[in-house]
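Contents: one structure, followed by commentary.
There are 2 protein chains.
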Amino acid sequence: MTEQALSYVDTHFSRFVEELKDLLRIPSISTDPDYAPEVRRAADWLAEHFRKLGFLKVEVFETEGHPIVYAEYTVDATRPTVLVYGHYDVQPPDPLELWTSPPFEPEIRDGNLYARGACDDKGQLFMHVKAAEAYLKTAGTLPVNLKFLLEGEEESGSVHLAPFIEAHRELLAADVVVISDTAMFAPGVPSITYGLRGLAYVEVELTGPARDLHSGVYGGAVENPINVLARLIAGLHDEDHRITIPGFYDDVRPLTEEERRTFRELPFDEKAWMEEIGVSAVRTEKGYTILEAITARPTLDVNGIWGGYQGKGAKTVLPAKAGAKISMRLVPDQDPDDIVEKTRRYFEQKTPPTCKLRFTSLHGGHPVLVDTRHPAMQAAAEAMARVFGRRPYFTREGGSIPVVADFKRLLGLDSVLMGFGLNSDAIHSPDEHFGLDRFRQGIESIVHFLERYGQRPT
Amino acid sequence: MTEQALSYVDTHFSRFVEELKDLLRIPSISTDPDYAPEVRRAADWLAEHFRKLGFLKVEVFETEGHPIVYAEYTVDATRPTVLVYGHYDVQPPDPLELWTSPPFEPEIRDGNLYARGACDDKGQLFMHVKAAEAYLKTAGTLPVNLKFLLEGEEESGSVHLAPFIEAHRELLAADVVVISDTAMFAPGVPSITYGLRGLAYVEVELTGPARDLHSGVYGGAVENPINVLARLIAGLHDEDHRITIPGFYDDVRPLTEEERRTFRELPFDEKAWMEEIGVSAVRTEKGYTILEAITARPTLDVNGIWGGYQGKGAKTVLPAKAGAKISMRLVPDQDPDDIVEKTRRYFEQKTPPTCKLRFTSLHGGHPVLVDTRHPAMQAAAEAMARVFGRRPYFTREGGSIPVVADFKRLLGLDSVLMGFGLNSDAIHSPDEHFGLDRFRQGIESIVHFLERYGQRPT
Chain A
1 MTEQALSYVD THFSRFVEEL KDLLRIPSIS TDPDYAPEVR RAADWLAEHF RKLGFLKVEV
61 FETEGHPIVY AEYTVDATRP TVLVYGHYDV QPPDPLELWT SPPFEPEIRD GNLYARGACD
121 DKGQLFMHVK AAEAYLKTAG TLPVNLKFLL EGEEESGSVH LAPFIEAHRE LLAADVVVIS
181 DTAMFAPGVP SITYGLRGLA YVEVELTGPA RDLHSGVYGG AVENPINVLA RLIAGLHDED
241 HRITIPGFYD DVRPLTEEER RTFRELPFDE KAWMEEIGVS AVRTEKGYTI LEAITARPTL
301 DVNGIWGGYQ GKGAKTVLPA KAGAKISMRL VPDQDPDDIV EKTRRYFEQK TPPTCKLRFT
361 SLHGGHPVLV DTRHPAMQAA AEAMARVFGR RPYFTREGGS IPVVADFKRL LGLDSVLMGF
421 GLNSDAIHSP DEHFGLDRFR QGIESIVHFL ERYGQRPT
Chain B
1 MTEQALSYVD THFSRFVEEL KDLLRIPSIS TDPDYAPEVR RAADWLAEHF RKLGFLKVEV
61 FETEGHPIVY AEYTVDATRP TVLVYGHYDV QPPDPLELWT SPPFEPEIRD GNLYARGACD
121 DKGQLFMHVK AAEAYLKTAG TLPVNLKFLL EGEEESGSVH LAPFIEAHRE LLAADVVVIS
181 DTAMFAPGVP SITYGLRGLA YVEVELTGPA RDLHSGVYGG AVENPINVLA RLIAGLHDED
241 HRITIPGFYD DVRPLTEEER RTFRELPFDE KAWMEEIGVS AVRTEKGYTI LEAITARPTL
301 DVNGIWGGYQ GKGAKTVLPA KAGAKISMRL VPDQDPDDIV EKTRRYFEQK TPPTCKLRFT
361 SLHGGHPVLV DTRHPAMQAA AEAMARVFGR RPYFTREGGS IPVVADFKRL LGLDSVLMGF
421 GLNSDAIHSP DEHFGLDRFR QGIESIVHFL ERYGQRPT
């Protein structure tokens, strides 16, 4: 049954790519309310696709935000049930001028498919759809019971997903969650992610004078909110590049010696990594390697800053307002709500009497660690070993998939993070792309995984 | 002759306002190259206006930037010659949404004329045109020889003005320069400005990674250029709110005891000043009052900052670039070129190896002090005393008019800064306006000034 499915993948692969391109043409940007109709269009496209494949139960669920697509194919109550999670929304594409081809006009160059969402996550979720199709169109059935839960708000904080899961525990009941929204360790080096960082994302705005002022007439006595904001941001790190928010590290689980040894064994080429992103020097928290710092230690980054005049030439304004978006990546056992509150206190206490503070929590997510001995983790490892010719590494990733913590908390389910992206895929950046070789390897790995996990006793 | 001229002003005042509104409708924004045709339209409008008034020599001179309008009415070689300087370009009007009425659709509300440029400087330069008209249309002549030099690049650094002056020394030969581009000390409290701050305006841009990165995947090892920029900006002031750039204060002439006493005597209401701009606390350089800090001490303000994602919602980007516009107000005897170089060295030395610096000097201007005993200063003081019923104060202003230093350096001329603005006129801000009472008082003061200065032996 698996051989036939793999053969089907081979025969129909170029059509799979064309279908993915259709999905990528829909600009389903969830962070910008103006694109809400496009997000819905992507949801409807997927639901229609599942129906055509013969999924027995397909539904587009309304939420107070963007819709959730659910699809189900039940084979047999004695089989294990796999819940596939993915997201069909995408990041905003700006800055548009840095794209080689337009972000929503998919284009293949040198074996890579370029488009916003090609890798994150339309391309990766679609591999699961096509693996299911390969069984359904050959064997007429699946090795497991299969459920799809595809959301449209991952890039805007998955605000309505946890309530949905909570309200649909029975519908979503399963034995394990499988997610392809992470990266392989390196080209040709498969990996399964067992750790993810959490996230706390806030926005701060400082208001000084009631209106923009002339910097010549008022400069020297009216404290400038941009200068104040710079001071508050600068104060967030100390000389060792540690974060100064009081209590920030209180709940950080230290890396074990075993974990640090594994980190050292991973084939990580610091020089190549730096070259790929065009930096000639790095800065990590004192005492940690690059790989540790980007996957297993908490961080703080300003994601955006604004204030005053940004146009051409010189404008001598002393602005009324300045603002910034600031996010922190968290590690076990930090709690995003706790970190947001500690950050709020930092800004409240440091804002001088010359300015007023507006502090907003935009979203957060819990960090995750999964046991690598889980049967589905092992089945995934075997499946990937078949396709790639080598066993995957178990690794940690720096990004956040808050829903993984939700699945554990609300459904009691562990998640297998079998990702086929690469860090060089430029997700969240101009020229995002996905290698067609990895799109194919992903589908094949999932075909193998479904077979292997289906053979296990439930 | 003066009485007739004043009576003419009275009779024709409402037409003067309508003519000014026509000039204000032209969006002559010099900082934005897209508006170059509008800047030229304003120049042509003024030249045509001078011709209609019977000015004997009117010319629109080309420069490599925006044109310069010159107009001349020579009466008699034995009379003193007054050179009026003004600028017909305006600041950008953004943020547009904060204007009560559109910036280029002049509207009168409560006796104030609202429009970009109403006060700075179209309204003020136009007072000189109308005072000249009042004599020409009644006496058929003027009490002095009068020259107008009106530029279109004041708000973008007057780049081509000094070379023009240098190339036209003979044409511009005069006994004194008169400029109305400053503010009165307070409503009903006339003043003549004898000191102006200079300006050094720079732009810095930091580049970290070669492209925008995912803050989850790279955060913790790739130093964020926004965080670095915030650190460099924060480091520009110390605890006493003094500027830390090495050598910054080397050439600052200390305030004399006499000057500090005059500052204390001025009717300056700190509480009202703070209320007017909506701040509940100020921050000055340690040891200086508000008035000293905003007029007679050097400052540093960030006029604009940008980097990363500024849109709605949350984007988890670690940006490739961050930038800021930074300006310093200078006092005698600081030199703008010297300060720019010291600022460049600060940024070069503080930029860490994780980032690349691009440092650009946008423009600068020298600080100025004029002797209050100058005959034209005294004539102006007497003229304003006649109109306002009280002698004006001699004061210093925090803003910059770099051309004043150029007139001294290139033509050997002092400038009389008789301004009729108010600090509450919101120049450079939304809802810029000019009181029609001051527009009238300004014209009348100039009529008196021309008479009095014309009686003096040259």
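As they're listed, the protein sequences go chains A and B.
Following UniProt numbering, the numbering of the first sequence begins with 1 at its first residue and continues without gaps.
Following UniProt numbering, the numbering of the second sequence begins with 1 at its first residue and continues without gaps.
Think of the CB as a built atom: it goes at the ideal place given N, C-alpha and C, for glycine as much as any other residue.
Beta bridge counterpart(s) of residue i as assigned by DSSP
{"i": "A183 of chain A", "result": "A:G421"}
{"i": "residue 519 of chain B", "result": "Only positions 1 to 458 of chain B appear in this structure, which leaves residue 519 of chain B out of reach."}
{"i": "W306 of chain A", "result": "A:G323 and B:W306"}
{"i": "F434 of chain A", "result": "A:L113"}
{"i": "E270 of chain B", "result": "For E270 of chain B, which the question treats as bridged, DSSP gives no partner whatsoever."}
{"i": "Y70 of chain A", "result": "A:E59 and A:L149"}
{"i": "H87 of chain A", "result": "A:E151"}
{"i": "L450 of chain A", "result": "Note: L450 of chain A sits in no beta bridge, so no partner."}
{"i": "L318 of chain B", "result": "B:L213"}
{"i": "E107 of chain B", "result": "B:Y114"}
{"i": "V82 of chain B", "result": "B:L146 and B:V176"}
{"i": "T193 of chain B", "result": "B:T395 and B:L417"}
With 16 other Cβ atoms within 10 Å as the buried cut-off, status of residue i
{"i": "R452 of chain B", "result": "buried"}
{"i": "R358 of chain A", "result": "exposed"}
{"i": "E18 of chain A", "result": "exposed"}
{"i": "residue 461 of chain A", "result": "No answer is possible for residue 461 of chain A: the residues shown for chain A start at 1 and end at 458."}
{"i": "G438 of chain B", "result": "Sequence check: residue 438 of chain B is Arg here, not Gly. By the 10 Å Cβ count, R438 of chain B comes out buried."}
{"i": "S158 of chain A", "result": "buried"}
{"i": "G188 of chain A", "result": "exposed"}
{"i": "K122 of chain A", "result": "buried"}
{"i": "R51 of chain B", "result": "exposed"}
{"i": "L96 of chain B", "result": "exposed"}
{"i": "Q77 of chain B", "result": "Reading the sequence as shown, one finds Ala at residue 77 of chain B and not Gln. Exposed, since its Cβ has fewer than 16 Cβ neighbours within 10 Å."}
{"i": "K130 of chain A", "result": "buried"}
{"i": "T100 of chain B", "result": "exposed"}
{"i": "Q124 of chain B", "result": "buried"}
{"i": "P353 of chain B", "result": "exposed"}
{"i": "G435 of chain A", "result": "buried"}
{"i": "G86 of chain A", "result": "buried"}
{"i": "R440 of chain A", "result": "buried"}
Residues of its chain near residue i, where Cβ-Cβ distance is below 8 Å and the 5 sequence neighbours each way are ignored
{"i": "P298 of chain A", "result": "R197, I243, F248, Y249, V252, M328, R329, L330, V331 and Q334"}
{"i": "D44 of chain A", "result": "V60"}
{"i": "residue 464 of chain B", "result": "Since the first residue shown for chain B is 1 and the last is 458, residue 464 of chain B is missing from the structure and cannot be characterised."}
{"i": "H306 of chain B", "result": "Checking the sequence, you will find Trp at residue 306 of chain B rather than His. So the list reads A322, G323 and A324, once near-sequence residues are dropped."}
{"i": "H428 of chain B", "result": "Q91 and D120"}
{"i": "I226 of chain B", "result": "G307, G308, P319 and A322"}
{"i": "P93 of chain A", "result": "P27, I29, W99, P103, F104, R116 and P430"}
{"i": "V228 of chain B", "result": "L206, G208, A322, T351, P352, T354 and C355"}
7 Å Cβ shell around residue i - same chain, five flanking residues per side excluded
{"i": "L172 of chain A", "result": "L83, K147, L149, I165 and L411"}
{"i": "T27 of chain A", "result": "First, the residue type needs correcting, since residue 27 of chain A is Pro and not Thr in the sequence shown. Hits under 7 Å: Y35, E38 and F104."}
{"i": "L98 of chain A", "result": "P430"}
{"i": "A186 of chain A", "result": "P267"}
{"i": "V340 of chain B", "result": "A200, V202, S361 and G364"}
{"i": "L56 of chain A", "result": "E72, Y73 and T74"}
{"i": "I233 of chain B", "result": "V302 and A324"}
Under 7 Å by beta carbon: chain D residues contacting residue i
{"i": "A210 of chain B", "result": "Absence of chain D from the displayed structure is noted, the protein chains being A and B."}
Residues near residue i by beta carbon distance below 6 Å, same chain, minus five either side
{"i": "D218 of chain B", "result": "According to the sequence shown, residue 218 of chain B is Tyr rather than Asp. Once the five neighbours on either side are set aside, the close Cβ partners of Y218 of chain B are L318."}
{"i": "residue 484 of chain A", "result": "Nothing can be reported for residue 484 of chain A: it is not among the residues displayed for chain A, which extend from 1 to 458."}
**OP:** Decide if the stretch 248-260 of chain A is in contact with the stretch 320-333 of chain B; the criterion is three or more beta carbon pairs, one per stretch, under 8 Å apart.
**Re:** These segments do not touch.
Subject >> the stretch 362-371 of chain B / the stretch 282-293 of chain B touching (three or more Cβ pairs under 8 Å) >> reply: The stretch 362-371 of chain B vs the stretch 282-293 of chain B: no contact.
Original post:
Is there contact here, the stretch 159-171 of chain A with the stretch 391-401 of chain A, by at least three beta-carbon pairs under 8 Å?
Top reply: Touching, no, given that fewer than three Cβ pairs across the two stretches are closer than 8 Å.
Subject >> Segment contact flag, the stretch 444-451 of chain B with the stretch 375-389 of chain B, C-beta cutoff 8 Å, min 3 pairs >> reply: Contact annotation: the stretch 444-451 of chain B touches the stretch 375-389 of chain B, with at least three C-beta pairs closer than 8 Å.
Original post:
Fully enclosed by the stretch 135-190 of chain B, which beta strand (DSSP E) runs are 3 residues long or longer?
Top reply: Within the stretch 135-190 of chain B, the complete beta strand (DSSP E) segments of 3 residues or longer fall at 145-151 and 176-179, listed in chain order.
**OP:** Check whether the stretch 192-210 of chain B touches the stretch 195-214 of chain A, counting contact only when three or more Cβ pairs, one atom from each stretch, lie closer than 8 Å.
**Re:** As far as the Cβ criterion goes, the stretch 192-210 of chain B does not touch the stretch 195-214 of chain A, which means the pair count is below three.
**OP:** Go through the stretch 355-434 of chain B residue by residue and report every complete run of the beta strand (DSSP E) that reaches 3 residues or more, in order.
**Re:** Segments of the beta strand (DSSP E) lying fully in the stretch 355-434 of chain B: 356-365, 393-397 and 415-418.
Original post:
Within the chosen definition, does the stretch 150-160 of chain B reach the stretch 60-69 of chain B through at least 3 CB pairs nearer than 8 Å?
Top reply: Contact holds between the stretch 150-160 of chain B and the stretch 60-69 of chain B, because three or more Cβ pairs, one in each stretch, are under 8 Å apart.
**OP:** Just list the beta strand (DSSP E) runs in the stretch 197-265 of chain A, keeping only unbroken ones of 3 residues or longer that don't cross its boundaries, in chain order.
**Re:** Segments of the beta strand (DSSP E) lying fully in the stretch 197-265 of chain A: 198-207.
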